[in-house]
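Taken in sequence, the protein lines are chains A and B. The first sequence runs 24 to 298 under the numbering used here. The second sequence runs 2 to 546 under the numbering used here. Ideal Cβ positions, reconstructed from N, Cα and C, are used throughout, including at glycine.
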Amino acid sequence: MRATLTRAAFAAMLAASVLLAAPPALAQSTGPQAARPKAPPPRKAAPPQTAKVWKGRGFVVVSAGALLAAPGYTSTATFKVHAEDATLNADATVGIGPVFGARGGVRVWKNLAVGGGVAVTSTSQSLDVTGRIPHPFQFNQPRDVEGTASGLPRVETLAAFEVSWLVALARRVDMFVFGGPAYISVRQDMATRIQFTESYPYDTATFTGVETASVSGGAIGATAGVDVSYLVTKRFGIGGEVRYSYASATLKPSTEPATVGLGGLHAAFGARILF
Amino acid sequence: MRLAKRPARRALAILAVLATAFLTPAHPSAQSPIGRRAVTATGDRDARTWDAQVERMLRDGQLRSRGEQADLMLEGRSHERLDQYHQGVRVFGGELVRQAAGGQTVSVIGSLYAGIRLDVEPAIGPGEAAAVVETLTGVARGPEPAPELVVLPKDDGGYALAYRLRVLTPEDLSVFFIDAGTGGIVLRYSDLQTTVGTGQGVHNDTKKVSTTARNGTYLAIDAMRPPAIYTYDLKGNLARTQAYLNGMLTLNDSDVAADADNDWTDTAAVDAHAYAGWTYDYLYKRFNRLGLDNRNLTMTSLVHPVRRDDWASAPSSVLNLYYLNAFYAGGGIMVYGEGLPPGVTMGGRQWNYFSGALDVVAHELAHGVTDFTSNLIYRNESGALNEAFSDIIGASVEFYYQQAGSGYLKADYLVGEDLTAPSGAFRSMADPQAYDDPDHYSRRYTGSADNGGVHSNSGIANHAFYLAIEGGVNRTSSLAVQGVGAANREKIEKAFYRGFTQLLPANATFAMARVATLQAARDLYGAGSDVERAIEQAWTAVGVS
Numbered sequence: 024m025r026a027t028l029t030r031a032a033f034a035a036m037l038a039a040s041v042l043l044a045a046p047p048a049l050a051q052s053t054g055p056q057a058a059r060p061k062a063p064p065p066r067k068a069a070p071p072q073t074a075k076v077w078k079g080r081g082f083v084v085v086s087a088g089a090l091l092a093a094p095g096y097t098s099t100a101t102f103k104v105h106a107e108d109a110t111l112n113a114d115a116t117v118g119i120g121p122v123f124g125a126r127g128g129v130r131v132w133k134n135l136a137v138g139g140g141v142a143v144t145s146t147s148q149s150l151d152v153t154g155r156i157p158h159p160f161q162f163n164q165p166r167d168v169e170g171t172a173s174g175l176p177r178v179e180t181l182a183a184f185e186v187s188w189l190v191a192l193a194r195r196v197d198m199f200v201f202g203g204p205a206y207i208s209v210r211q212d213m214a215t216r217i218q219f220t221e222s223y224p225y226d227t228a229t230f231t232g233v234e235t236a237s238v239s240g241g242a243i244g245a246t247a248g249v250d251v252s253y254l255v256t257k258r259f260g261i262g263g264e265v266r267y268s269y270a271s272a273t274l275k276p277s278t279e280p281a282t283v284g285l286g287g288l289h290a291a292f293g294a295r296i297l298f
Numbered sequence: 002m003r004l005a006k007r008p009a010r011r012a013l014a015i016l017a018v019l020a021t022a023f024l025t026p027a028h029p030s031a032q033s034p035i036g037r038r039a040v041t042a043t044g045d046r047d048a049r050t051w052d053a054q055v056e057r058m059l060r061d062g063q064l065r066s067r068g069e070q071a072d073l074m075l076e077g078r079s080h081e082r083l084d085q086y087h088q089g090v091r092v093f094g095g096e097l098v099r100q101a102a103g104g105q106t107v108s109v110i111g112s113l114y115a116g117i118r119l120d121v122e123p124a125i126g127p128g129e130a131a132a133v134v135e136t137l138t139g140v141a142r143g144p145e146p147a148p149e150l151v152v153l154p155k156d157d158g159g160y161a162l163a164y165r166l167r168v169l170t171p172e173d174l175s176v177f178f179i180d181a182g183t184g185g186i187v188l189r190y191s192d193l194q195t196t197v198g199t200g201q202g203v204h205n206d207t208k209k210v211s212t213t214a215r216n217g218t219y220l221a222i223d224a225m226r227p228p229a230i231y232t233y234d235l236k237g238n239l240a241r242t243q244a245y246l247n248g249m250l251t252l253n254d255s256d257v258a259a260d261a262d263n264d265w266t267d268t269a270a271v272d273a274h275a276y277a278g279w280t281y282d283y284l285y286k287r288f289n290r291l292g293l294d295n296r297n298l299t300m301t302s303l304v305h306p307v308r309r310d311d312w313a314s315a316p317s318s319v320l321n322l323y324y325l326n327a328f329y330a331g332g333g334i335m336v337y338g339e340g341l342p343p344g345v346t347m348g349g350r351q352w353n354y355f356s357g358a359l360d361v362v363a364h365e366l367a368h369g370v371t372d373f374t375s376n377l378i379y380r381n382e383s384g385a386l387n388e389a390f391s392d393i394i395g396a397s398v399e400f401y402y403q404q405a406g407s408g409y410l411k412a413d414y415l416v417g418e419d420l421t422a423p424s425g426a427f428r429s430m431a432d433p434q435a436y437d438d439p440d441h442y443s444r445r446y447t448g449s450a451d452n453g454g455v456h457s458n459s460g461i462a463n464h465a466f467y468l469a470i471e472g473g474v475n476r477t478s479s480l481a482v483q484g485v486g487a488a489n490r491e492k493i494e495k496a497f498y499r500g501f502t503q504l505l506p507a508n509a510t511f512a513m514a515r516v517a518t519l520q521a522a523r524d525l526y527g528a529g530s531d532v533e534r535a536i537e538q539a540w541t542a543v544g545v546s
């Protein structure tokens, strides 16, 4: 996980540095502020911002933030213990974690742009585990066990086709409302077996942890969000975005598939360049 | 126009960089800061990715191939085992198995350990590590195999540089990990590979059997319970059976009942082995007793002491002892009769393996308990009490594990009803007269046969046990007993167990048994309890006062 974050951070910094280092001459387009009157008449109401027309060619946003909420899931597994089926039920809670993302788009009509975005979330999961462990000497006399397991890694990657609409909110503040279909892939550890201890007479078993398998999968879902930026210069701004995404994937850590909700709500801060 | 396109290209390039960075699976050891990482690459994409990863790790020396073996089930496939290494030292348990088909990797499954930061220079040599183990166990090891220096992943996280040694002691096959820095024990575990198999019992019922894997086969050695429980298959060798029982030879692993796949089909061995364990469990759970001697004496069962097919030529003494009988031979050793071949009847019944009756197994083991407690002399009244106690334990174990009812594999107050077809019995605790046994002291056998009627007069005491639980009217005295009820059988069982094992002397009489069990009832449940009343009424009903 550490390496993943490091790689993500490096990539984000790379993207940011490339954008920030871009010479002004490269961006000749006029953004929303280009149409803004340089000296609005005093006491005269400004024209409605929404009426402004974005005349630029496109935009790129890079951001970093946090996953605030994510759907949990339930998985089950059956495995052999003492010549009989043992069962595992895990209720997973996905923790908060860093998000790194980038979006870009090309204006196609008025304030409408089409493009895409990616976001990578690295989190960990905790599991509330219950299970039944067969008795070593008798059939149909399982012992109930329960416990928690935490720190199971999960990396989620979103790739979306997005339609964005630019709304000018104030003189230097504008907002993208965006959304579209998204493919969300995930690689995560899932519980496959319960680890336990037992001793004679084996009337009880004690949960000690879970064995996991790294499982990957993905599904098409949807994403939507808003991105509000303060324009420091004509083409460079800083701001924040809130995005909600959701997809439902079927993962198969063992013989029993689990339906896993992907995505969630994340908030991020970042830089925008208009061109 | 050209200039304006560059940012867009750059943006796309950045997106590509980000996507590549995040979508490429990271090295497993990099994803986990420390600890075990399961690898389960079975899909095409994952398998290819891991195949490349394996090749990289092989080049880096992090993996070493142990060799490739052809798949014996699927032609064209092969399996390669790869051990994980850290700076040239094998990581214990770090292993991948790569399956290939036609040169293409099909799957990569295994475990790798990440975050290893260990100096691999040991402070002690392998000889010193071996000396540590020899001191601990008192077992001298030969030079081969030499202790292996490994990186040991510890249960509580982290790693230790350690020497790994296996030592066979009289009690166990132990694996030691000796700290290569300090010479201390990092880990010790038993390598006796206890397993739970399944088997068909004499009545085609499936039950679990606790076994031990050794040299690719499964042996009827139960190492999961506190005492070792062995079941030996004498393979019909009567001479060997008798030599063993007479102390002329010792049995070894090749005599232990065995099965190739742990799905056992030797019904006599299955039942002898499983029921010995069940009886131990009953004694422990009901009375907190640790086996026959209360010190976890090894329990040994012998099955197939003779060949069934030899029954017709067997002397009557052998027929009666090794075919149609089961007996406790002392020292925790039980011998179970072979029964008769299918279709052969005796007394109008076919006779099955004697280990196939739970009450019979428990009965014989209870003789062992008696041996180590009151040691009731096996003749006359004390002998009848000895037999009665075994009947009582036999029935109690049945009721502990089986549903009440009639027929095979049901709990009842018949003795040995699971041995014959059609189902019959040797004795009835509910109605001794039904089998010509006395149900009242006045009807007791006073002759000298059967050690003074130990198998007959036992009916008096075990009928009292029955009446104290179930209640009813004694056929001879017509006295009624208000039993405690089946739901409270545990109380009567405990009172009789206490009285018979802890309060009775070796030459006890029925009258003493009455006193002892009543005293036990008062000890356990107080004076005037329902248990005391039921036991008092029961003994009175059977004519013991």
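Residue i, DSSP secondary structure in three states
| i | result |
| --- | --- |
| Glu471(B) | helix |
| Ser317(B) | helix |
| Phe328(B) | strand |
| Asn463(B) | helix |
| Phe497(B) | helix |
| Ile119(A) | coil |
| Phe373(B) | helix |
| Phe82(A) | strand |
Through-space distance from residue j to residue i, alpha-carbon basis
| i | j | result |
| --- | --- | --- |
| Arg49(B) | Thr106(B) | 7 Å |
| Gly68(B) | Arg82(B) | 6 Å |
| Ala465(B) | Ala509(B) | 16 Å |
| Val238(A) | Val143(A) | 17 Å |
| Thr199(B) | Ala242(A) | 43 Å |
| Arg215(B) | Val176(B) | 15 Å |
| Glu566(B) | Asn353(B) | With chain B represented from 2 up to 546, any question about residue 566(B) goes unanswered, as that position is not in the structure. |
| Val416(B) | Ala488(B) | 21 Å |
| Gln404(B) | Gln161(A) | 14 Å |
| Arg130(A) | Ser86(A) | 20 Å |
| Ser79(B) | Pro280(A) | 28 Å |
Min CB distance residue i to chain A below 8 Å
| i | result |
| --- | --- |
| Ala39(B) | yes |
| Asp294(B) | no |
| Gly569(B) | Examination of residue 569(B) is not possible in this model, given that chain B is present from 2 through 546 alone. |
| Thr541(B) | no |
| Ile536(B) | no |
| Arg226(B) | yes |
| Glu533(B) | no |
| Asp47(B) | yes |
When the options are compared against residue i, the one with the closest alpha-carbon
| i | options | result |
| --- | --- | --- |
| Ser277(A) | Ala89(A), Lys78(A), Ala93(A), Ala109(A) | Ala109(A) |
| Pro433(B) | Tyr467(B), Thr447(B), Ala405(B) | Tyr467(B) |
| Gly293(A) | Gln161(A), Thr171(A), Ser252(A), Gly139(A) | Ser252(A) |
| Ser397(B) | Asp267(B), Ile470(B), Thr183(B) | Ile470(B) |
| Thr541(B) | Arg78(B), Gly104(B), Val474(B), Asn387(B) | Val474(B) |
| Gly331(B) | Ala358(B), Asp419(B), Gly248(B) | Gly248(B) |
| Gly395(B) | Ala71(B), Asp267(B), Trp279(B), Pro506(B) | Trp279(B) |
| Thr227(A) | Val85(A), Pro157(A), Ala236(A), Ala106(A) | Pro157(A) |
Any non-hydrogen atom of the ligand SAM within 7 Å of residue i CB
| i | result |
| --- | --- |
| His456(B) | As presented, the structure is devoid of all ligands, the ligand SAM included, so that no description of it is given. |
is_contact[residue i, chain B] using C-beta, thresh 8 Å
| i | result |
| --- | --- |
| Pro280(A) | no |
| Ser147(A) | no |
| Gly293(A) | no |
| Pro159(A) | yes |
Residue i at chain E interface by Cβ criterion, 8 Å
| i | result |
| --- | --- |
| Gly278(B) | Absent here is chain E; the protein component of the structure consists of chains A and B. |
| message | Check whether the stretch 324-341 of chain B and the stretch 298-309 of chain B are in contact - that is, three or more C-beta pairs closer than 8 Å. | response | yes
| field | Three CB pairs or more closer than 8 Å across the stretch 317-328 of chain B and the stretch 248-263 of chain B | value | no
| query | Okay, do the stretch 279-286 of chain B and the stretch 362-376 of chain B touch, 3+ Cβ pairs below 8 Å being the bar? | reply | yes
| message | So, does the stretch 241-253 of chain B touch the stretch 311-321 of chain B, judging by three or more C-beta pairs under 8 Å? | response | no
| Does the stretch 423-442 of chain B come close enough to the stretch 454-463 of chain B to have 3 or more Cβ pairs within less than 8 Å? | yes
| Inter-stretch contact (C-beta, 8 Å, three-pair minimum) for the stretch 185-201 of chain A and the stretch 130-143 of chain A | yes
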